[in-house]
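Student: All residue numbers for the sequence shown refer to this note's numbering, where the first residue is 13 and numbers rise by one.
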Amino acid sequence: MNKRRAGILLVCTLCMLSTFTAMAGTYTIAGVYKHGSEGHEVSLIQEAMAKAGYFKYGSYTSYYGSITEAAVKSFQKANGLAADGIVGPATAGKMEDLELLKVVVSRSSNSRKYGEYLDWWKEVRPTLERDKTILEVQDFYTGIRFEVKVTGGTNHADVEALTKADSEKMKEAWGGEFSWDRRPVLVFHGERVIAASMANMPHAGLDSEPSRVWVSNRSNGYGSGYNYDSVKNNGMDGHVDLHFNNSTRHMDGKEDSRHQAAVRVSAGL
């Protein structure tokens, strides 16, 4: 082998070694892990919990059972997290903060293709607080993301764009304008990724008037009534509708077939 070829081989070998060194100890936690999950990532979670002193089983497995769940709950409780035994972005991020594992929490459009098909009445609505809960929403088809605040809703969630930039992203996802078209979306809420449907047409409010006072000429032809616009200077008048599995319309208490169809799309059903 001549010196030139030997030099090239040495450079390639060094590049490969440096790549493996950079990759060592870096793991991707994508999506949500809970009781019943399986895979290599589960053993990494178990290793992290063992380092923290909570997982005391003799060996690491690839199954997320009751022992792993209990360990995660103890870890969450000790670190001020919701002790639900589910490993998602918040819990994985805390592992990274404590250097238990080098974790890359991926919430890219490819990290979770579908959302959980959760019931609005039993599993979603009880977790939302009016004027407090902020959700990250991802359009199912384009991957465009924006944030909204939950500002009301009984039969489904009424939400408002958090900022003007979020309003612009909403319009971009719907082809450049506000629209009544129902589109499947993914909702990131705490540790969960939930299947949902949204129509992004603001209605029943005026950004220029105080929230929940009686006003005239509410947006989109809603006439006189209470002003359902709580988030000010966000580029929209009123709120938009966010539906989940089994949610219904406010006007008649019936399911909206187009919203429910879109929810099933985002759930992969």
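We treat Cβ as the ideally placed atom computed from N, Cα and C, and that holds for glycine.
If you compare alpha carbons, which of V54, Q88, E59 is closest to G77?
Tutor: Taking the first residue of the sequence shown as 1, we reach residue 77 at position 65. The shortest Cα separation from G77 among V54, Q88, E59 belongs to V54.
Student: May I have the straight-line CA-CA distance separating E141 from H251, to the nearest angstrom?
Tutor: Numbered from its first residue, the sequence shown carries residue 141 at position 129. Numbered from its first residue, the sequence shown carries residue 251 at position 239. Cα-Cα distance, rounded: 15 Å.
Student: For G105, does the three-state DSSP call read helix, strand or coil?
Tutor: The sequence position of residue 105 within the sequence shown is 93, counting from 1. Residue state, collapsed to three classes: helix.
Student: Assess, as a yes-or-no matter, whether the stretch 173-184 is touched by the stretch 65-77 under the definition of 3 or more beta carbon pairs within less than 8 Å.
Tutor: The answer is no - the stretch 173-184 does not touch the stretch 65-77, with fewer than three Cβ pairs under 8 Å.
Student: Indicate whether the contact test is met: 3 or more Cβ pairs, each with one atom in the stretch 143-162 and one in the stretch 195-215, closer than 8 Å.
Tutor: Cβ pair count under 8 Å is three or more, so yes.
Student: Consult DSSP for S209 and reduce its assignment to one of helix, strand or coil.
Tutor: Walking along the sequence shown from the start, residue 209 turns up at place 197. It is a strand residue.
Student: Check whether the Cβ atoms of S231 and G247 sit closer than 7 Å, and answer yes or no.
Tutor: Here residue 231 corresponds to residue number 219 of the sequence shown, with the count starting at 1. Here residue 247 corresponds to residue number 235 of the sequence shown, with the count starting at 1. Cβ atoms of S231 and G247: not closer than 7 Å.
Student: Rounded to a whole number of angstroms, what is the C-alpha to C-alpha distance between V227 and L254?
Tutor: For the purposes of this step, residue 227 is taken as the residue at position 215 of the sequence shown. For the purposes of this step, residue 254 is taken as the residue at position 242 of the sequence shown. Going from the Cα of V227 to the Cα of L254 covers about 24 Å.
Student: If you follow the alpha helix (DSSP H) that H271 is part of, which residue opens it and which one closes it?
Tutor: Here residue 271 is taken as the residue at index 259 of the sequence shown, counted from 1. Per DSSP, H271 belongs to the alpha helix (DSSP H) from 269-279.
Student: Opposite W192 in the DSSP bridges: which residues?
Tutor: What you label residue 192 is simply residue 180 of the sequence shown in a count that begins at 1. None, per the DSSP bridge assignment.
Student: Helix, strand or coil for K186 per DSSP?
Tutor: Residue numbering aside, residue 186 sits at position 174 when the sequence shown is read from its first letter. It is worth fixing the name first, because residue 186 is Trp in this sequence and not Lys. W186 falls in the coil class under three-state DSSP.
Student: Do you know how far the Cα of H52 is from the Cα of G65?
Tutor: Start at 1 with the first residue of the sequence shown, and residue 65 comes out as number 53. Start at 1 with the first residue of the sequence shown, and residue 52 comes out as number 40. Rounded to the nearest angstrom, the two C-alpha atoms are 20 Å apart.
Student: Kindly indicate the opening and closing residues of the beta strand (DSSP E) around F256.
Tutor: The sequence position of residue 256 within the sequence shown is 244, counting from 1. F256 -> no beta strand (DSSP E), and no H or E assigned at all.
Student: Which residues bound the alpha helix (DSSP H) around S78?
Tutor: Position 66 of the sequence shown holds residue 78. Run containing S78: 78-90, per the alpha helix (DSSP H) assignment.
Student: Taking C-beta to C-beta, are S242 and G127 nearer than 7 Å?
Tutor: On the sequence shown, residue 242 is found 230 positions in, with the first residue counted as 1. On the sequence shown, residue 127 is found 115 positions in, with the first residue counted as 1. Result no, Cβ atoms of S242 and G127 do not sit closer than 7 Å.
Student: If I follow the unbroken beta strand (DSSP E) through L147, where does it start and stop?
Tutor: Residue mapping note: residue 147 aligns to position 135 of the sequence shown, counting from 1. It spans 146-151 - the beta strand (DSSP E) in which L147 sits, taken as one unbroken run.
Student: Could you check what DSSP says for V197 in three-state terms: helix, strand or coil?
Tutor: In the sequence shown, residue 197 corresponds to position 185, counting from 1. Reduced to three states, the DSSP call for V197 is strand.
Student: Spatial neighbours of W133 within its chain, please: C-beta separation below 7 Å, excluding the five flanking residues on both sides.
Tutor: Working through the sequence shown from its first residue, we reach residue 133 at position 121. Only N258 meet the Cβ criterion.
Student: Beta carbon of H284, beta carbon of S209: below 7 Å?
Tutor: This structure cannot speak to residue 284, because the chain is shown only from 13 to 281.
Student: Would you list the one or two residues that DSSP bridges to G164?
Tutor: Within the sequence shown, residue 164 is the residue found at index 152, counting from 1. Answer is D170, bridged to G164.
Student: Between the alpha carbons of K266 and E111, how many angstroms are there, rounded?
Tutor: The residue you call residue 266 lines up with position 254 of the sequence shown. The residue you call residue 111 lines up with position 99 of the sequence shown. The alpha-carbon atoms of K266 and E111 are separated by roughly 49 Å.
Student: Where does V99 fall in DSSP's three states?
Tutor: Locating residue 99 in the sequence shown gives position 87, counting from the first residue. In this structure, V99 counts as strand in the three-state DSSP scheme.
Student: Given this structure, state the Cα-to-Cα distance separating Y39 from K89, to the nearest angstrom.
Tutor: To locate residue 39, count along the sequence shown from 1; it is residue 27. To locate residue 89, count along the sequence shown from 1; it is residue 77. Residue confidence for Y39 is low, a pLDDT of 46 falling below 50, so the modelled location carries little weight and cannot support an answer.
Student: Do A169 and V162 have their beta-carbon atoms positioned less than 7 Å apart in this structure?
Tutor: For the purposes of this step, residue 162 is identified with residue 150 of the sequence shown, where counting begins at 1. For the purposes of this step, residue 169 is identified with residue 157 of the sequence shown, where counting begins at 1. Yes, these two residues count as a Cβ contact at 7 Å.
Student: Between the C-alpha atoms of R261 and N91, what's the straight-line distance to the nearest angstrom?
Tutor: Here residue 261 refers to the residue found at position 249 of the sequence shown. Here residue 91 refers to the residue found at position 79 of the sequence shown. The alpha-carbon atoms of R261 and N91 are separated by roughly 39 Å.
Student: Among G188, E221, S220, whose alpha-carbon lies nearest the alpha-carbon of M213?
Tutor: The count along the sequence shown starts at 1 and reaches residue 213 at position 201. Of G188, E221, S220, the residue nearest in Cα terms is G188.
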